[in-house]
Amino acid sequence: MAKIGTNPVTGGSQQQEMIVGIDLGTTNSLVAIIHPALRQPVTLREFNSSALVPSVVHFTEESTVIVGDNARELLITHPRQTIYSAKRLMGKSYNDLREKAEYFSYRIHDDNAESLVKVQVGSRFYSPIELSGYILRDLKARAEHILKTPVSKAVITVPAYFNDAQRQATRDAGKLAGLDVLRIINEPTAASLAYGLGLKPDEDKTIAVYDLGGGTFDISILKISKGIFEVLATNGDTYLGGDDLDRAIMEHWAWLHEISPEALGSNKGLAQAFRLKAEEAKKQLSVTDYYDARLHNYELQLTREQLQELIRPLVEKTMESCRKALADAGLTVRDIDTVIMVGGSTRVPMVKETVAAFFGKPVNDSLNPDEVVALGAAIQADILAGNNKDFLLLDVTPLSLGIETMGGLMDVLIPRNSKIPCSIARSYTTQKDGQTGMKIAVYQGERDLVKDNRKLAEFNLTGIPAMPAGLAKVQISFLLNADGILVVKAAELRSGVEQSIEVKPQYGLSGEEVEQMLVASITHAKEDIQTRSLVEAQTEAQQLLDVTATFLEKNVEMISEEEQQRTREAMNGLQDIIGSGNRDAIHEKIAYLNDVSRPFAERLMDKALKAAMAGKKI
Ligand code: AMP
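Each residue of the sequence shown is one higher than the one before, starting from 1071 at the first, in this note's numbering.
Here's what the structure looks like:
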């Protein structure tokens, strides 16, 4: 347990557990705590600097990692080694990102469109979890430096629309950074807490949280009842934000000065200089009516009215999302009690006015819109630390619950600290052709490999009808009831066969053991995540080998001798490296095999498609 010493922020020497709140943002991240003396949330900042840390990671030639302002400065000069917006990659496959590929100036590896993306820097591959882990590690170190005390526990915020995989990825990133992530909370929930909403047990309210940041827009409709937040609807645009406002200004000036988009596109330095001036103009026009500056020979002017005309279509787009979110929640503007503004771009007066006019009431904008999410996360952290005596803590699971998947990996279904009761279902499939049974092994713990966790039970789902691998649909559901009893059910949905068991996860488990398991998960986080990514690479490699072998066998007469020869060589190369324990080398060989087989795979697909079309009457 960490203790707070005497230091500039805390100002005292009270002994208590330090849990920080972290807003892990797409563009910027920041950390907040509850000031122990003032009992108010405050963001952490180094003397005289901003609390915002750019969410940018740079890798030097020697693979040293630089995070924050210093990394951001290298975006233009070292685009391939400088990674921004890692949050957009969390839990995503290449297929998910394909349409937005031009947004990223670094290399996103596309060896297998279905599996999770990796970023390639030189000959190294980084998962989004590792990238976010570097940012969190930096935030942790900064916080420790400012507070002069170790920081090991955190509450981290995520967008309300993040799915289970994205939330788990964020937890893993925290673990990798040496943080025990006590809870993942929704950004709009954190913003509401910062405004004091949801802290009174008898409060019933419906809230709209309008969040326009640098690159993303989210609208969330929340319902608070008896201290519980429920997300009724979310909407937004993950590629709309302050950057687009800057671009609109920049294009306007380029047009006035007869600079073609091609000329700007080919002169990155000039484009960047214009972009910075555009952002400066936008910010200044939030407080004044007129902007005037010079860039080389160009006179740059803009009035607030002109700015409003330029950004009107973008703001209107956000209002369309608000309309949709309300409709999805089955509500009208009259049902909304409170509107909260989040994100730096809500400082634009026209944005505030348009939102207030739409909802027919003044908006809450008294807190710094860049900081409000982190401040709310700090409030949640304080509640979890048991410092807020007015707040009743709901019963939660002390350890994660999950099942064993391929390669001995732990797949968490109920993350630790989930409120009880809770339930979740997830679908799995068979690995082998004709497989008629499936072993379901249930584990408890925080480690990535089940062998390091506590086994609770095991049973077999039998009677699955024989079918090709991947066709069976086995749904595993976990129901943890209010008495702490876990019901695990497995059902094959096509045939209807099912089986279930009951276990009591807390039975025979002392508080000390729980603590030990948590500590072990943090100390072994790095090797665990490395092992996990190695096992995942090995599984992906094995699947690719199996699929390619079947494909070759079935289409032997359509593939040239030379292609077959090259493919077999690539397969042998991959087979030889699977057991090597070198994840990057496996990914390289996977990419090579994909490159070799792509031409004939595409040729055959084309042919199959043509044949199918020819057989169809349109
Ligand atoms: P966030 O992602 O929430 O940190 O938001 C950053 C965005 O807010 C960037 O696009 C900034 O240009 C924008 N921003 C910051 N301050 C202002 C301001 N005073 N007026 C308008 N936009 C601002």
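Beta carbons: idealized from backbone N, C-alpha and C, even for Gly.
* Compute every distance between the C-beta of glycine 1138 and the non-hydrogen atoms of ligand 1, then say whether any falls below 7 angstroms. => Taking 7 angstroms as the cut-off, the C-beta of glycine 1138 does not count as close to any heavy atom of ligand 1.
* Quick one: using the 10 Å Cβ neighbour count with 16 as the cut-off for buried, is tryptophan 1323 buried or exposed? => Looking at its Cβ environment, which holds 16 or more other Cβ atoms inside 10 Å, tryptophan 1323 is buried.
* Report yes if the C-beta distance between valine 1225 and glycine 1311 is below 8 angstroms; otherwise report no. => The answer is no: Cβ separation not under 8 angstroms.
* Cut-off 8 angstroms between Cβ atoms - residues of its own chain near leucine 1252, not counting five sequence neighbours on either side -> The answer, listed in chain order, is Ile1089, Lys1223, Ala1224, Val1225, Ala1451, Leu1454 and Asn1487.
* From glutamate 1423 to threonine 1416, what does the alpha carbon distance come to, in whole angstroms? -> Taking the straight line joining both Cα atoms gives about 10 angstroms.
* To do: Check each candidate in Ser1667, Leu1384 and Asn1652 and name the one with the smallest Cα separation from valine 1626.
  => Here the closest residue by C-alpha is Ser1667.
* To do: Determine the DSSP secondary structure at proline 1111, reduced to helix, strand or coil.
  => Correct three-state label for proline 1111: strand.
* **Cβ-based neighbour list, leucine 1209, same chain, cut-off 7 angstroms, excluding 5 preceding and 5 following** => Same-chain partners within the cutoff: Ile1092, Ser1099, Val1101 and Val1123.
* Asked: Between which two residues does the alpha helix (DSSP H) containing glutamine 1600 stretch?
  -> Segment 1595-1624, the alpha helix (DSSP H) holding glutamine 1600.
* With DSSP collapsed to three states, give me the class of threonine 1467. => In this structure, threonine 1467 counts as coil in the three-state DSSP scheme.
* To do: Confirm, please, whether the CB-CB distance from threonine 1308 to threonine 1286 is below 8 angstroms.
  => With contacts defined by Cβ atoms closer than 8 angstroms, threonine 1286 and threonine 1308 form a contacting pair.
* Cβ pair count under 8 angstroms reaching 3, the region 1534-1543 against the region 1431-1448 -> Flag = no, the region 1534-1543 and the region 1431-1448 do not touch.
* Is any heavy atom in ligand 2 found nearer than 7 angstroms to the beta carbon of glutamate 1200? -> For the structure depicted, ligand 2 is absent and the ligand set comprises only ligand 1.
* Asked: Where does proline 1106 fall in DSSP's three states?
  -> The three-state reading of DSSP puts proline 1106 in coil, since its state is none of H, G, I, E or B.
* To do: Report yes or no: do the region 1471-1481 and the region 1543-1557 share at least 3 C-beta pairs separated by less than 8 angstroms?
  => Yes, since at least three Cβ pairs between the region 1471-1481 and the region 1543-1557 fall closer than 8 angstroms, the two stretches touch.
* Between which two residues does the alpha helix (DSSP H) harbouring tyrosine 1164 extend? -> That run of the alpha helix (DSSP H) goes 1164-1167.
* Asked: Got a sec, what are the start and stop residues for the beta strand (DSSP E) isoleucine 1571 sits in?
  -> In the DSSP annotation of this structure, the continuous segment of the beta strand (DSSP E) that includes isoleucine 1571 starts and ends at 1568-1573.
* Determine the extent of the beta strand (DSSP E) in which lysine 1296 is found, giving its start and end residues. => It is not in any beta strand (DSSP E) - lysine 1296 carries neither H nor E in the DSSP assignment.
* Take arginine 1636 and list the residues in its own chain whose beta-carbon comes closer than 7 angstroms to its own, dropping the five residues that flank it on each side. => Counting only residues of its own chain and dropping the five nearest sequence neighbours on each side, arginine 1636 has a CB closer than 7 angstroms to the CB of Val1666.
* Asked: Are there 16 or more other CB atoms within 10 angstroms of the CB of glutamate 1132, so buried, or fewer, so exposed?
  -> Under the 10 Å beta carbon count, glutamate 1132 is surrounded by fewer than 16 other beta carbons and is classified as exposed.
* For aspartate 1316, does the count of other Cβ atoms within 10 angstroms reach 16, so buried, or fall short, so exposed? -> With 16 or more Cβ atoms within 10 Å of its Cβ, aspartate 1316 is classed as buried.
* Residues of its chain near alanine 1698, where Cβ-Cβ distance is below 6 angstroms and the 5 sequence neighbours each way are ignored -> Nothing can be reported for residue 1698, as the shown portion of the chain is limited to 1071 through 1688.
* Asked: Helix, strand or coil for phenylalanine 1174 per DSSP?
  -> In the structure shown, phenylalanine 1174 sits in coil (DSSP, three-state: anything other than H, G, I, E or B).
* To do: State the beta-bridge partners of glycine 1306 as determined by DSSP.
  => Paired residue(s): Asp1288.
* May I ask you to verify whether the region 1237-1247 touches the region 1592-1605, counting CB pairs closer than 8 angstroms and requiring at least 3? => Yes, the region 1237-1247 is in contact with the region 1592-1605.
* Determine the burial state of lysine 1509: buried for a count of at least 16 other Cβ atoms within 10 Å of its Cβ, exposed for fewer. => Flag for lysine 1509 reads exposed.
* Take the Cβ of glycine 1335 as the centre, count every other Cβ of all protein chains shown within 10 Å, and call the residue buried at 16 or more, exposed below. => By the neighbour-count rule (16 or more Cβ atoms within 10 Å), glycine 1335 is not buried but exposed.
* Who are the Cβ neighbours of phenylalanine 1670 in its own chain at under 7 angstroms, not counting the five residues just before and after it? -> Spatial neighbours of phenylalanine 1670 in its own chain (CB-CB distance under 7 angstroms, excluding positions within 5 residues in sequence) are listed in chain order as Ile1629 and Glu1633.
* Straight-line gap, leucine 1206 to leucine 1094 (C-alpha atoms, nearest Å) -> Cα atoms of leucine 1206 and leucine 1094: separation of roughly 8 angstroms, rounded to the nearest angstrom.
* Neighbourhood of isoleucine 1688 by C-beta distance below 8 angstroms, restricted to the same chain and skipping five residues each side -> Confidence in isoleucine 1688 is poor, its pLDDT being 39 and thus under 50, which makes the residue's placement unreliable; the coordinate value appears in the next sentence. Nothing listed; no residue qualifies.
* **Three-pair Cβ contact test at 8 angstroms for the region 1511-1523 versus the region 1493-1503** => Flag = no, the region 1511-1523 and the region 1493-1503 do not touch.
* Whole-angstrom distance between alanine 1141 and alanine 1348, CA atom to CA atom -> Taking the straight line joining both Cα atoms gives about 22 angstroms.
* Asked: At what residue ranges does the region 1393-1447 contain a whole run of the alpha helix (DSSP H), taking only runs of 4 or more?
  -> Every unbroken stretch of the alpha helix (DSSP H) spanning 4 or more residues and falling wholly within the region 1393-1447 is given here in chain order: 1419-1429.
* Straight-line CA distance for serine 1565 to proline 1535? -> Rounded to whole angstroms, the gap between the alpha carbons of serine 1565 and proline 1535 is 7 angstroms.
* Could you please give the first and the last residue of the uninterrupted alpha helix (DSSP H) stretch that includes glutamate 1369? => Unbroken run through glutamate 1369 is the beta strand (DSSP E), 1368-1373; no alpha helix (DSSP H).
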